[in-house]
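Engineer: For the sequence shown, the UniProt record's numbering assigns the number 353 to the last residue and increments by one with no breaks.
Note that beta-carbon positions come from the ideal geometry of N, C-alpha and C, so glycine has one too.
In this text, all values refer to a predicted model and were calculated from it rather than measured experimentally.
The structure that follows is given in the form of structure tokens.
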Amino acid sequence: MLEFRTQGYNGYSVKYSPFFDSRIAVAASANFGLVGNGRLYILGLTPNGIVAEKHFDTQDSLFDTSWSESNENQLLTAGGDGSVKLFDVNVPQFPVQSWSEHAREVFSVHWNLVSKDTFLSSSWDGTIKIWNPNAPASITTLPTHSCTYSAAFSPHSPSILSSVSSDSHLRIFDLRTPASAANHLTLNVPIHTPPKPRMGAAAPVGIAPSEALTQDWNKYRDTIIATAGVDRVIRTFDIRAPGQGPLAVLPGHEYAVRRLTWSPHLSDILLSASYDMTCRVWTDGSAMGVPGQDAMMEPQNMMNGGGREMGRMGRHTEFVTGVDWCMFGAEGWCASTGWDERVLVWDARGIMQ
């Protein structure tokens, strides 16, 4: 396990470069993001450990970062002052572009993985904005009418994106649809609605909604999305059958789940980061004879067996707020960061059982 200290700054997001297996970006904030400056770290993995290649300071907290999919040296930041900034590793000190349309904190940024010429941001102001890095203003604004903690483009389509918000809903937008009163909204799934009972079974008890903080698209099954948040439970959904409720329900974290990400190598594996100071590896059960791509046919199967925690990493000593998989090489390497001012790089295979 490798370690780097973000001295004086509490980590919020960590992302591997899509171009280099040895480069990591970390978005961090002074004073736990409550007040003060932010810092974007560019870290290199070397035979002598993790070294800081460069850092950029900002006047307000940073809550997320996303590497450009078209330029290996550029990356975005999500700012507490409502700004979205684009930095270039080869340009000293200042961002090469900055946008300030959001009225409140920007909590997530995500680059389009397919078309590569657009990215998005989501904010506490209840909107998602679509941007082109060469344009001075946003291309599209998508209202969610609630604090939107996470938004992401589908890795399978250039025009489909998802979000989760404080109102406990998973939303799917399709930019190809007409810009009607729905503003490209094609699906609105209440995360805490229990699944429909089977014929002759008693109706399940409903769960009180709570804030959804994180979500991610499965990299291999293009209709599967995982969500998690304040209620500590990870759920997976098939957007082809939203009325059926969650496919897999994975309880176990003791406090809110702050971030999760599907493995880029294995279709059933998830990695989560939580305020309970742990990172955990999960399987949703789809590789164990439980329906995966065709899970919409029998959604109860995953809930009744298959999905489980495979292991946990408990080396952090404060809230874990960021986690990411390395896309290159062996299938288990990942990085995590948290409020303990630490970035850890470790092999998830060492904890999986």
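#1: Looking only at its own chain, which residues have a Cβ that is under 8 Å from the Cβ of residue 22, when we skip the five neighbours before and after it?
#2: Would you check if the distance between the CB atom of residue 263 and the CB atom of residue 215 is smaller than 8 Å?
#3: Under three-state DSSP, which class holds residue 137?
#4: Report all residues from its chain with a CB closer than 8 Å to the CB of residue 74; omit the five preceding and five following residues, and keep chain order.
#5: Which residues bound the beta strand (DSSP E) around residue 74?
#6: If we ignore side chains and look at the alpha-carbon of each, how far apart do residue 11 and residue 25 end up?
#7: Should residue 164 go down as buried or exposed, given a rule of 16 or more other Cβ atoms within 10 Å for buried?
#8: Quick check on residue 231: buried or exposed, where buried means 16 or more other Cβ atoms within 10 Å of its Cβ?
#9: Take residue 284 as the anchor and find which of 275, 271, 277 has the nearest alpha-carbon.
#10: Taking its Cβ as the centre, do 16 or more other Cβ atoms sit within 10 Å of residue 357, making it buried, or is it exposed?
#11: Keeping to the same chain, check which residues put their C-beta closer than 6 Å to that of residue 170; ignore five residues upstream and five downstream.
#12: Is the separation between the beta-carbon of residue 122 and that of residue 150 shorter than 8 Å?
#13: Is DSSP giving residue 188 helix, strand or coil here?
#14: Report back the beta-carbon spacing between residue 39 and residue 28 to the nearest angstrom; my notes put them in contact at under 8 Å.
#15: Quick one: what's got a C-beta closer than 6 Å to residue 102's C-beta in the same chain, skipping five residues either side?
#16: Compare the C-alpha of residue 31 against each of 16, 61, 41, 54 and name the closest.
#17: Going by beta carbon distance, what residues of the same chain come within less than 7 Å of residue 184, once the five residues before and after it are set aside?
#18: So, for residue 252: in the same chain, excluding its five sequence neighbours on each side, which residues have a beta-carbon less than 6 Å away from its beta-carbon?
#19: Any idea what DSSP makes of residue 244, helix, strand or coil?
#20: What are the complete alpha helix (DSSP H) segments, minimum 4 residues, inside the UniProt repeat "WD" (250-282)?
#21: Excluding the five sequence neighbours on either side, which residues of its own chain have a C-beta within less than 7 Å of the C-beta of residue 276, listed in chain order?
#22: When DSSP builds the beta bridges, which residues end up paired with residue 130?
Structural biologist: Once the coordinates are examined:
#1: 44, 45, 46
#2: In this structure, residue 263 sits away from residue 215, with a CB-CB distance that is not shorter than 8 Å.
#3: Correct three-state label for residue 137: coil.
#4: Counting only Cβ-Cβ distances below 8 Å, and skipping sequence neighbours, we find 67, 68, 86, 87, 88, 89, 96, 133.
#5: If you look at residue 74, you'll find it in the beta strand (DSSP E) that goes 74-79.
#6: 11 Å
#7: buried
#8: Counting C-beta atoms within 10 angstroms of its own C-beta, residue 231 has 16 or more neighbours from the protein chains shown and is therefore classed as buried.
#9: 271
#10: For the chain, the structure presents residues 1 to 353; residue 357 sits outside this window and is missing.
#11: 164, 189, 191, 227
#12: yes
#13: strand
#14: Going by Cβ atoms, the distance from residue 39 to residue 28 rounds to 5 Å, so yes, they are a contact pair.
#15: 82, 123, 125
#16: 61
#17: Cβ neighbours of residue 184 beyond the five flanking positions: 142, 173, 174, 175, 177.
#18: 309
#19: helix
#20: none
#21: The answer, listed in chain order, is 253, 254, 255.
#22: 120, 140
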